[in-house]
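Numbering (this note's numbering), first residue to last: 239 to 514. Shown next, in structure tokens, is the structure this report addresses.
Given below as structure tokens:
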């Protein structure tokens with residue numbers, strides 16, 4: 239195996255020694271050998287493909303935590319993960335465009351075009367939940383870990399219909415500067431709820447009361463919603479609630495509703511606001 243020092247690897251990969259040390263610390267690109275005496279790092283020439291992949295993903299704006307997950311995948315799965323990231327990025331850009339347009343309309347004294355808001359009844363239900371403070375970059379990895387890796391792949395049964403869809407509750411603003419908190423909720427069947435909860439001692443089993451909620455649906459399918467999408471939905475829902483004299487009874491929710499017409503693209507996110 240051909241080995242080169244960090245200086246030569248830096249030249250070949252076009253990554254600075256500072257970046258290579260950072261990627262080593264984060265577990266993204268470890269040197270093939272580190273001298274125990276002087277700490278000198280040597281890289282295998284075969285690591286250049288991984289180095290260039292990391293560099294390209296960073297230039298595309300992929301967060302370091304997401305890159306770590308991508309590198310752990312087989313090439314085909316990694317490609318799909320990258321495709322999914324870019325779909326989310328485009329959805330966020332579209333939402334930012336809408337948000338800026340609404341802000342401009344507001345400052346000009348114009349009433350912006352609104353989402354179509356619908357009201358539905360949600361029955362009483364039992365949910366497994368956990369609350370944590372996360373910022374925008376941490377929200378998606380936490381959601382994937384709980385909803386997909388632990389609960390769905392763990393075989394936790396789902397309640398039928400929209401009332402059985404997993405959802406997140408934004409108890410505070412989630413952005414690059416604000417860390418929520420956020421509550422993740424997974425409805426479970428009443429029959430066997432306690433037994434299911436026993437398998438997840440770090441989660442709380444609680445009963446959510448029956449209520450009505452106003453909701454809007456994001457325009458494109460896909461399971462993850464970024465900050466601007468939430469912000470646009472929050473504005474639309476609270477404006478509707480004010481105009482219809484229906485005070486909110488809790489934080490805005492992101493509901494992951496399966497969409498049978500778009501198989502393979504994941505569920506839609508429906509943003510909902512519980513009403514008094």
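Just so it is clear, CB atoms sit at the ideal spot from N, CA and C, and this is done for glycine as well. Small disclaimer: the values here were computed from a predicted structure and weren't measured.
For residue i, the three-state DSSP class (helix, strand or coil)
i	result
residue 491	strand
residue 523	Outside the displayed range of the chain (239 to 514) lies residue 523, so it cannot be described from this structure.
residue 341	helix
residue 510	strand
residue 486	strand
residue 247	helix
Boundaries of the beta strand (DSSP E) in which residue i is found, first to last residue
i	result
residue 455	449 to 455
residue 443	442 to 446
residue 243	241 to 243
Where the alpha helix (DSSP H) through residue i begins and ends
i	result
residue 255	255 to 263
residue 433	431 to 436
Neighbour-count burial assignment, residue i, 16 or more Cβ in a 10 Å radius
i	result
residue 500	Caution is warranted here: a pLDDT of 49 is assigned to residue 500, below 50, making its placement in the model unreliable, and no coordinate value can be reported.
residue 389	buried
residue 445	exposed
residue 323	buried
residue 381	buried
residue 317	exposed
residue 281	buried
residue 269	buried
Distance between beta carbons of residue j and residue i, contact taken as under 8 Å
i	j	result
residue 506	residue 455	6 Å
Runs of beta strand (DSSP E) lying entirely within the region 276 to 335, each at least 3 residues, in chain order = 279 to 282
For the region 360 to 421, list the beta strand (DSSP E) runs that are entirely contained and at least 3 residues long, ordered along the chain.
-> 363 to 370, 405 to 408
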